[in-house]
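Asks: Have a look at this one before I ask anything.
Number of protein chains: 2
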Amino acid sequence: MAAKAPKMINEDLLETVKRLIEKDDKEALAKLVDEMRPADLADLIEHLDQHERLYIFKILEPEEAGEVLVEIEPPVQDKLLEELDTEDILEIVEELDSDDAADLVRDLPPERAEEIISTLREDVSEEIRKLLPYKEDTAGGIMGLEFVSVLDEATIGDAIEVLRKKADEVENLYHIWVVDRQGRLVGVVSLKDLLLYPRDQRIRDIMNPDVISVNVNADQEEVVHLVKKYDLVNIPVVDDKGRLVGRITHDDIIDVIEEEVDEDISYMAGVIDEEIAEESTLKISKARLPWLIVCIGGELISALVISRFETSLQKILALSFFFPVIMALGGSSGSQAAIIVVRGLATGDISMFKLGKRVWIDLKVALVNGLVCGIMLGLVIGTWLSNYELGLVVTIAVVLIVLNSGLIGSAVPIIFKKLNIDPALATGPLVTTANDILGLLIYLGLVTTYLRYAA
Amino acid sequence: MAAKAPKMINEDLLETVKRLIEKDDKEALAKLVDEMRPADLADLIEHLDQHERLYIFKILEPEEAGEVLVEIEPPVQDKLLEELDTEDILEIVEELDSDDAADLVRDLPPERAEEIISTLREDVSEEIRKLLPYKEDTAGGIMGLEFVSVLDEATIGDAIEVLRKKADEVENLYHIWVVDRQGRLVGVVSLKDLLLYPRDQRIRDIMNPDVISVNVNADQEEVVHLVKKYDLVNIPVVDDKGRLVGRITHDDIIDVIEEEVDEDISYMAGVIDEEIAEESTLKISKARLPWLIVCIGGELISALVISRFETSLQKILALSFFFPVIMALGGSSGSQAAIIVVRGLATGDISMFKLGKRVWIDLKVALVNGLVCGIMLGLVIGTWLSNYELGLVVTIAVVLIVLNSGLIGSAVPIIFKKLNIDPALATGPLVTTANDILGLLIYLGLVTTYLRYAA
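In order, the protein sequences belong to chains D and Y. For reference, each letter of the first sequence is one residue, going 1 to 455 in my numbering. For reference, each letter of the second sequence is one residue, going 456 to 910 in my numbering.
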C-alpha cells in the first residue's frame, strides 16, 4: 500500500479543489483525491458547495466513496444522498460494512430504501434486512455482522483458516469469539494468543470464558456503560438465547458516546434534535423555538406572581431592581446541581445506590452557598436601601431560594431517572422556570411579610 | 483462567460484604472478592465506608489491588492512598502499567511520591521518571511505555518472538509498530496480518507506512481528535524527531473523551474543577461559589441599569413584571447558540473555516425566533396593559434582544477559541450576565423612549 500524504484540509487545498472543479480537470482532481485519507476527504467535501460535492463523489471509486460517505456529517450526507443516482448508491452500499449499510438505508425515504434493498446483491440485501428491524439506539441497531467465530473444539490452526477466509470482510479484528454447537457465545481469544500458542492447540484450552457481551435489544447506553467499565475494545452482541449475532466496534462505540453526550448537551442548551452541523435556519429555529415558548409561558407565570405583590413594589420600587440577581442566584445554583447530577448519572459517577446521599450533599452545599451569597446580597441591599432589617430579610430569602433550587436541581433529575424519563430534561426549561417562579415568590413573599410587620 | 461469575454490585451484595467485614471473615470475603471483576470490585469499594475499603484492599493481591485501584473514582482513590501503607502502595505501583503508575505517583503529595519513587524496583522507577515530566493533559501525560516495535527489516517470525517476550507486559495488543534504525516510526502492522502472512515475510513488505501518530507534547484534545477522525484503536506517540516513545490505548482515549466532556459540562454548569463523584461539601461549595459571586456582581449591574429607569417604572409599574420573561428569552436564546457552538467546536462538527458562516446562521435563527417570540410577547403585554403600541415596542425589543444574545452566544465562543481561551467559558456567567444586562437595557430603553414620545 502506498503512503498517502496526510493531506488535511486548509484554505489552500479548498481553493485548489474549487478551481480544479471549475476547470473540470478530472484528472488532476482524481490524483489529488487519491492522496487523501477518507476522513480528510469527508472533511473537504463538507466544506464544498453541493454541486462541487457531487462532482467529487462522481470521481471516487465505489469503495472509497463508501468510506468517505460514512465519515460525512449527517446533514450533508442526507443532502448528498438526495441527489446521488440510485445506481451510485447501490454501488456504495454494496461496499459498506453491514452496520453502515443498514444505517444508510434506514435514513433514506421508505420508497427509495425499498427500491435499493430489492436491487442490491442478494447477500448484501439479506444482511440489511437482518439489521433493519433493530431500533437505531439499541445494540442491534449499531452492531455489524462482520466478526469471526469458531467452535470451542477447533484448533488455533482452524481458527486462522476461518480468519483467512473472512480477512477482507472483517476489518479491525482483535479478537475471535468462541461458540458452542448451538451458536452460543462461550469464550474469547485475542489475536495475540493465536500468535503465541502452537497451531494444534485447542481453542477451548486457551480461550477466556469470561466474555462480556450485550443483548441485541439492550439500549446503546448499556453498550457504552459496559465498554467503559470493562475497558473493552469491541463487544459481542448476543440474542435472548445467548447466541452470537453481531459485533460492535470501538469506533462505533465512540460515536455512541458522542451521540449520548450530544443529546444531553442539547437538553442543557434547550434544543430538541438539533444536529450540531445543521445549517438550515428553519430546522435550527424549529429545534430552538419550543424552549423559548415554554420560557415565555413559564415566565408569564412569574409576571403574575410579581403582579400579586404590586402593593409592596409601589411602597419600595427598588425591590424590583433585584429581580435579576434573585433569579440568577436561584437559576445558577439550581443548574449547577442539576447538570452535575445529570452528568454523573450519565457516566455512572453518581451511583444509583446513593441517590438520597447525593440530594443530601447538594442540600448541604446549597446551605453553605446560600449563606455566603445571602449575606453578601443582604449587605448590599441593606446599604443600598439604608435598611439593614430588609437586608436581613433578603439574606434569609436567598438562603431559602438557593436551598430550594439545590433541592430541585439535584432531586428532579433523580426522580426523572427513576421514572425512566431522560434526566437531562431536568436541566431544561421546566426546572429553570420553576426555580424562577419559586425564587421570586420566596423573595417577594418574605419581603412583603416583613413590610407588613414593620409597618 | 477460571470464569468469574459476573458479580455486579447490588444492595444484597453490599449488605453481605458489610456483614463479612463486621464479622472479620477474611476467608469468605476473599472468596467473594475473587469472583468479581476488578471494575465491579472498584464499584463495590466506592460504596463502602473508608475503614471497609481499607479492609478489602488489604486482602487483595497486589496485582488485583492495582487493577481495582485504577478503576476507582479519583476522590475515593485519593482517600484510599492517604491511608494505605507506603509498603502496600509500592507493591501496587510495581504491578501497574507505566501510565497508571505515573498517574498514581503524580497524584501523591510530593514527599511521599519521592519516597516511593526512590524505593521502587529500578525498572519501574525509571519508567515513572520518564513519564512524570509530561504534563497531565498532553499525549506524553497519558501514554504508556508498553508497546511492541520491530525494525522494518525484521521478518514476521522475528516480530512474533519480540511479541512473545513482551506478551505479559503489554496487554490489549492489536498492532505492532515498525521503526527504522534511528527508532523513527515508519509503519504499522496489524496482528491479523502477522497471523495471515508466512513467518519469513519481511515486515517492510506488509506494513502500512501510512501510520498516524501524535507528538508527545500535543494536547490530549489533539489525541482525541485524531482517534475519532481516523477511527483508531490506539495511537503511537512520537518525539520531535519522529521516534516512537509510547502508546495511548483505547480505554485511555475514552477516559480523555469523558474528561474533556466533563470539563465542558462543568463550565456549562458554572462550576470550577468539580469532580462529579466529589462528596465533600466544602470542596463542592468552593467549586460553585465563584460563579454565584460573579452572578451577584453582574446582576447588581442589572439592578443599577433598572434603577436608571425608575421614572418609567413609576409611571408603569407593570413593566417590572416582565423582567423575568425578558431575561429568560435573552438568556435562553444566548445559551442555545453558545452551547451548540461550544460543543460543535469541541467535536469538530463546526469547522474552523466556516466560523463567519456559523455566526451568520445564528443571526438568521435569532431573527426568526425573535420575531415569533416578540410577536407572542407583544400581544400578551399589549393585552395585559391594554396598550398595543407598547406591545409593539416590546415586540421590537424582543427581536433586538434575541438578535443580540444570538450574536453574543455564537460569536463569543468563536472569539475565545481564536484567542486560545476555552470556548466553554462562554456558556458561563460572563456571557449570561452580559445578556441579562443588555436585555434589560434594550427593553427599558425602548419602552422609555416610547413613553417619552407617547406622552
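Ideal placement from N, C-alpha and C gives every residue a C-beta, glycine not left out.
#1: For the beta strand (DSSP E) containing residue 236(D), list its first residue and its last residue.
#2: List, in order along the chain, the chain D residues whose C-beta lies closer than 7 Å to that of residue 824(Y)?
#3: Kindly say whether residue 349(D), judged by its beta-carbon, lies nearer than 8 Å to any beta-carbon of chain Y.
#4: Using three-state DSSP, classify residue 560(Y) as helix, strand or coil.
#5: Grab the span of the beta strand (DSSP E) containing residue 644(Y) for me, first residue to last.
#6: Mind checking the region 868 to 899 of chain Y against chain D and listing, in chain order, the residues whose C-beta falls within less than 9 Å of any C-beta there?
#7: Can you tell me where the beta strand (DSSP E) holding residue 820(Y) begins and where it ends?
#8: Curious, which full-length alpha helix (DSSP H) runs of at least 4 residues does the region 693 to 747 of chain Y contain?
#9: Closest by CA to residue 585(Y), which one among 855(Y), 478(Y), 671(Y)?
#10: So with Cβ pairs under 8 Å, would you call residue 627(Y) a contact of chain D?
#11: Answer with yes or no whether the minimum CB distance from residue 736(Y) to chain D is below 8 Å.
#12: Could you name the residues that DSSP lists as bridge partners for residue 674(Y)?
#13: Determine, for residue 213(D), whether the minimum Cβ-Cβ distance to residues of chain Y falls below 8 Å.
#14: Please say whether residue 639(Y) and residue 701(Y) have beta carbons closer to each other than 8 Å?
#15: Looking at the secondary structure, which residues open and close the beta strand (DSSP E) in which residue 857(Y) lies?
#16: Relative to the alpha-carbon of residue 381(D), which residue among 398(D), 432(D), 336(D), 26(D) has its alpha-carbon at the smallest distance?
#17: Pull up the distance between the alpha-carbon of residue 599(Y) and that of residue 497(Y), whole angstroms please.
#18: What is the rounded straight-line gap between the Cα of residue 399(Y) and the Cα of residue 880(Y)?
#19: Let me know the secondary structure DSSP gives residue 603(Y) once reduced to three states.
#20: Taking Cβ to Cβ, would you say residue 583(Y) is nearer than 8 Å to residue 560(Y)?
#21: Keeping to the same chain, check which residues put their C-beta closer than 8 Å to that of residue 475(Y); ignore five residues upstream and five downstream.
#22: Can you tell me whether residue 502(Y) is helix, strand or coil according to DSSP?
#23: What residue range is occupied by the uninterrupted alpha helix (DSSP H) comprising residue 316(D)?
#24: Which residues bound the alpha helix (DSSP H) around residue 9(D)?
#25: With residue 176(D) as the anchor, note down where its alpha helix (DSSP H) starts and where it stops.
#26: Which residues bound the alpha helix (DSSP H) around residue 206(D)?
#27: Count the other C-beta atoms from every protein chain shown that fall within 10 angstroms of the C-beta of residue 506(Y), then say buried if there are 16 or more, exposed otherwise.
#28: What did DSSP end up calling residue 666(Y) once you bin it into helix, strand or coil?
#29: Quick one: measure Cβ to Cβ for residue 155(D) and residue 203(D), integer angstroms, because I've assumed they're closer than 8 Å.
#30: Using only CA atoms, which one of 656(Y), 636(Y), 637(Y) lies nearest to residue 644(Y)?
#31: Applying a beta-carbon distance threshold of less than 9 Å, which residues of chain D neighbour residue 492(Y)?
#32: In the DSSP assignment, the alpha helix (DSSP H) including residue 480(Y) goes from what residue to what residue?
#33: Shortest alpha-carbon distance to residue 439(D) belongs to which of 351(D), 349(D), 227(D), 323(D)?
#34: Closer than 8 Å is the cut-off here; do at least three beta carbon pairs connect the region 360 to 376 of chain D with the region 402 to 422 of chain D?
#35: Going by Cα to Cα distance, which pick from 690(Y), 876(Y), 524(Y) is closest to residue 797(Y)?
#36: For residue 292(D), count neighbouring C-beta atoms within 10 Å of its own C-beta (all shown protein chains included) and say buried if the count is 16 or more, exposed if not.
Replies: Answer, in terms of the structure:
#1: Residues 234 to 238.
#2: Near residue 824(Y) (Cβ distances below 7 Å), the residues of chain D are 285, 288, 289, 292.
#3: At least one chain Y Cβ lies under 8 Å of residue 349(D).
#4: In the structure shown, residue 560(Y) sits in a helix (DSSP, three-state: H, G or I).
#5: Start and end: 640 to 645.
#6: Residues of the region 868 to 899 of chain Y with a C-beta atom less than 9 Å from some C-beta of chain D are 882, 884, 887, 888, 891, 892, 895, listed in chain order.
#7: From DSSP, residue 820(Y) is part of no beta strand (DSSP E) but of the alpha helix (DSSP H) over 810 to 839.
#8: Counting whole runs of 4 or more residues, the region 693 to 747 of chain Y contains the alpha helix (DSSP H) stretches 705 to 724.
#9: Measuring from the Cα of residue 585(Y), the nearest candidate turns out to be 671(Y).
#10: For residue 627(Y), the answer is yes, since a Cβ of chain D falls inside 8 Å of its Cβ.
#11: Yes, residue 736(Y) counts as interfacial toward chain D.
#12: As computed with DSSP, residue 674(Y) is found in a beta bridge with 593(Y).
#13: With 8 Å as the cut-off, residue 213(D) does not count as an interface residue toward chain Y.
#14: With contacts defined as CB atoms closer than 8 Å, residue 701(Y) and residue 639(Y) fail to qualify as a contacting pair.
#15: In the DSSP assignment, residue 857(Y) falls outside any beta strand (DSSP E) and within the unbroken alpha helix (DSSP H) covering 843 to 873.
#16: That would be 398(D), whose Cα lies nearest to the Cα of residue 381(D).
#17: Distance between the alpha carbons of residue 599(Y) and residue 497(Y) is about 22 Å.
#18: Not covered by the structure: residue 399(Y). The range shown for chain Y is 456 to 910.
#19: Under the three-state reduction of DSSP output, residue 603(Y) falls in the coil class, being neither helix nor strand.
#20: The Cβ-Cβ distance between residue 583(Y) and residue 560(Y) falls below 8 Å.
#21: Answer for residue 475(Y): 483, 484, 487, listed in chain order.
#22: The DSSP-derived three-state label of residue 502(Y) is coil.
#23: It is not in any alpha helix (DSSP H) - residue 316(D) carries neither H nor E in the DSSP assignment.
#24: No alpha helix (DSSP H) contains residue 9(D), which DSSP labels as neither H nor E.
#25: No alpha helix (DSSP H) contains residue 176(D), which is instead part of the beta strand (DSSP E) from 175 to 179.
#26: Its alpha helix (DSSP H) spans residues 203 to 206.
#27: Around the C-beta of residue 506(Y), fewer than 16 other C-beta atoms lie within 10 Å, and the residue is accordingly described as exposed.
#28: In this structure, residue 666(Y) counts as coil in the three-state DSSP scheme.
#29: Going by Cβ atoms, the distance from residue 155(D) to residue 203(D) rounds to 7 Å, so yes, they are a contact pair.
#30: Closest by alpha carbon: 656(Y).
#31: Simply 210, 212, 229, 230.
#32: Run containing residue 480(Y): none; DSSP gives neither H nor E here.
#33: Closest option to residue 439(D), Cα to Cα, is 323(D).
#34: Using a Cβ-Cβ distance cut-off of 8 Å, the region 360 to 376 of chain D and the region 402 to 422 of chain D are in contact, since at least three pairs of beta carbons, one from each stretch, lie closer than that value.
#35: Per the Cα distances, 876(Y).
#36: With 16 or more other Cβ atoms within 10 Å, it is buried.
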